[in-house]
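Per the working numbering, the sequence shown runs over residues 228 to 501. Ideal Cβ positions, reconstructed from N, Cα and C, are used throughout, including at glycine. Note that the coordinates shown come from a computational prediction; the quantities given were computed from them, not determined experimentally. Report on one structure; see the data block that follows.
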Amino acid sequence: MIWFLNGKYIPSHLALIPIADISVLRGYGVFDFLVTYKQKPFMLTEHVDRLFASASKIGLKVPYTRKEISGFVLRLIAKNKDKAKDFTLRLVVTGGVSSSNLFPEGKANTAILIEKRMPYPASCYNFGIKLKSFEYLRPFASAKHIDYLTAAVEKRKANKAGFLEVLYTCDGRILECTTSNFYLVQNGVVITPKADILHGITKKVVLNLARKHFKVEEREVLMSELSSASEVFISASDKEIMPVIKIDGFKIGPGAPGPVCQKIMTEFKKITRS
Ligand SMILES: Cc1ncc(COP(=O)(O)O)c(C=O)c1O
Numbered sequence: 228m229i230w231f232l233n234g235k236y237i238p239s240h241l242a243l244i245p246i247a248d249i250s251v252l253r254g255y256g257v258f259d260f261l262v263t264y265k266q267k268p269f270m271l272t273e274h275v276d277r278l279f280a281s282a283s284k285i286g287l288k289v290p291y292t293r294k295e296i297s298g299f300v301l302r303l304i305a306k307n308k309d310k311a312k313d314f315t316l317r318l319v320v321t322g323g324v325s326s327s328n329l330f331p332e333g334k335a336n337t338a339i340l341i342e343k344r345m346p347y348p349a350s351c352y353n354f355g356i357k358l359k360s361f362e363y364l365r366p367f368a369s370a371k372h373i374d375y376l377t378a379a380v381e382k383r384k385a386n387k388a389g390f391l392e393v394l395y396t397c398d399g400r401i402l403e404c405t406t407s408n409f410y411l412v413q414n415g416v417v418i419t420p421k422a423d424i425l426h427g428i429t430k431k432v433v434l435n436l437a438r439k440h441f442k443v444e445e446r447e448v449l450m451s452e453l454s455s456a457s458e459v460f461i462s463a464s465d466k467e468i469m470p471v472i473k474i475d476g477f478k479i480g481p482g483a484p485g486p487v488c489q490k491i492m493t494e495f496k497k498i499t500r501s
């Protein structure tokens with residue numbers, strides 16, 4: 228694959244940054260992640276905007292304009308177009324090398340990694356998935372920064388135990404999953420956490436679709452509300468929308484994908500596959 232690094236399109240194995248970059252030394256950097264449908268990047272403007280918003284929240288300056296970054300993405304897809312039907316793209320901006328080994332000094336490295344998109348098994352969508360809860364509030368939760376240490380540790384444990392995702396909770400509140408947003412359905416109302424989360428781009432699409440057919444509430448969501456939920460589902464760029472049938476040992480509703488989730492999945496397919 229051809230990747231992008233600091234203005235150059237180069238083979239992926241040559242896309243290297245210095246080990247003294249504060250992304251390596253301190254975990255200081257941001258990224259965004261998007262997918263393509265028929266080789267077209269989905270919601271590109273929104274993902275690029277979120278990249279800039281994330282960088283601003285941690286005090287990092289992206290060394291290109293939004294228009295330039297969008298242009299790099301389109302050119303990179305064109306350069307790799309024969310290598311796969313669809314792609315995932317990771318836009319990364321690191322803190323760069325710094326004399327203090329802590330604060331950025333305007334030497335950010337900008338990279339775009341492109342890979343073949345691998346679909347999740349159909350069973351995740353047809354039968355639903357299981358979540359494992361874990362008490363954790365992501366620092367700078369509304370920014371997509373590169374600290375996914377808790378995700379890497381806890382998701383591996385959860386996957387080994389048969390759970391697809393980890394659900395972050397904090398003092399009885401439900402927040403989000405390691406790389407997905409969370410929704411529950413109560414009396415036909417779609418309810419989703421509002422604060423202390425990363426606002427997913429897929430979530431934006433999901434809520435717009437949901438509002439056409441159901442009442443939607445963005446508010447604090449409590450773990451104690453799971454007992455009255457008829458459905459739960461999650462969303463993310465690569466997973467799209469996945470029904471959830473169990474959280475820890477607790478069965479959600481009848482333990483099968485529900486009609487609200489199925490309706491939103493169908494509508495989402497219509498816009499992404501058209
Ligand atoms: C913490 C977190 N929440 C939610 C999401 C879903 O965001 P999106 O729909 O933009 O993929 C992600 C995506 O990776 C994430 O990392």
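Since isoleucine 474 sits in a beta bridge, which residues does DSSP pair it with? Against the sequence shown, residue 474 aligns to sequence position 247. Answer is Leu358, Phe477.
Relative to ligand 1, is the shortest distance from any of its heavy atoms to the C-beta of serine 326 smaller than 6 Å? Here residue 326 corresponds to residue number 99 of the sequence shown, with the count starting at 1. No, Cβ of serine 326 sits at least 6 Å from all heavy atoms of ligand 1.
Distance cut 5 Å, beta-carbon to ligand 1 heavy atom: residue list by chain order: Qualifying residues, in the order they occur: Glu403, Thr406, Asn408, Leu425, Gly427, Ile428, Thr429, Ala463, Ser464.
Under 8 Å by Cβ, that's how I've got glutamine 193 and serine 462 pegged, so tell me the actual separation to the nearest angstrom. A question about residue 193 goes unanswered here, because the residues of the chain that appear run from 228 up to 501.
Which runs of the alpha helix (DSSP H), 4 residues or longer, sit entirely within the region 340–409? With a minimum length of 4 residues, the continuous alpha helix (DSSP H) runs that stay inside the region 340–409 are 349–354, 376–387.
Would glycine 322 pass as a contact of serine 250 if the rule is Cβ separation under 7 Å? Mapped onto the sequence shown, residue 322 falls at position 95. Mapped onto the sequence shown, residue 250 falls at position 23. Between glycine 322 and serine 250, the gap from beta carbon to beta carbon is short of 7 Å.
Measuring CA to CA, which of Val416, Gly480, Pro420, Lys306 is closest to arginine 400? To locate residue 400, count along the sequence shown from 1; it is residue 173. Nearest C-alpha to arginine 400 among Val416, Gly480, Pro420, Lys306: Pro420.
In the DSSP assignment, find the beta strand (DSSP E) that holds phenylalanine 269 and state where it starts and stops. The count along the sequence shown starts at 1 and reaches residue 269 at position 42. That residue, phenylalanine 269, is in no beta strand (DSSP E); it is neither H nor E in DSSP.
Could you pull the DSSP bridge partners for glycine 256 from this structure? Mapped onto the sequence shown, residue 256 falls at position 29. Paired residues: Thr321.
Pull up the DSSP beta-bridge partners for isoleucine 229, would you. Position 2 of the sequence shown, counted from the start, is the residue given in the question as residue 229. DSSP lists Pro238 as partners of isoleucine 229.
Taking Cβ to Cβ, would you say isoleucine 244 is nearer than 7 Å to asparagine 336? Numbered from 1 along the sequence shown, position 17 holds the residue referred to as residue 244. Numbered from 1 along the sequence shown, position 109 holds the residue referred to as residue 336. For the 7 Å CB-CB criterion, isoleucine 244 and asparagine 336 form a contact.
Bridge partners of aspartate 248, per DSSP? In the sequence shown, the residue the question calls residue 248 occupies position 21. Aspartate 248 is bridged to Val324.
Using 7 Å as the threshold, is the C-beta distance between cysteine 351 and methionine 492 below it? Here residue 351 refers to the residue found at position 124 of the sequence shown. Here residue 492 refers to the residue found at position 265 of the sequence shown. The answer is no: Cβ separation not under 7 Å.
When you compare only the Cα positions, how much space is there between valine 275 and phenylalanine 314? Walking along the sequence shown from the start, residue 275 turns up at place 48. Walking along the sequence shown from the start, residue 314 turns up at place 87. Spanning the two alpha carbons is a distance of roughly 16 Å.
Can you give me the Cβ contacts of serine 425 inside the same chain, cut-off strictly under 8 Å, excluding the 5 residues immediately before and after it? The residue labelled residue 425 in the question sits at position 198 within the sequence shown. Per the sequence shown, the amino acid found at residue 425 is leucine instead of serine. When the five nearest sequence neighbours on each side are left out, the beta carbons in the same chain lying within less than 8 Å of the beta carbon of leucine 425 are those of Arg365, Ala368, Ser369, Ala370, Lys371, Glu403, Asn408, in order along the chain.
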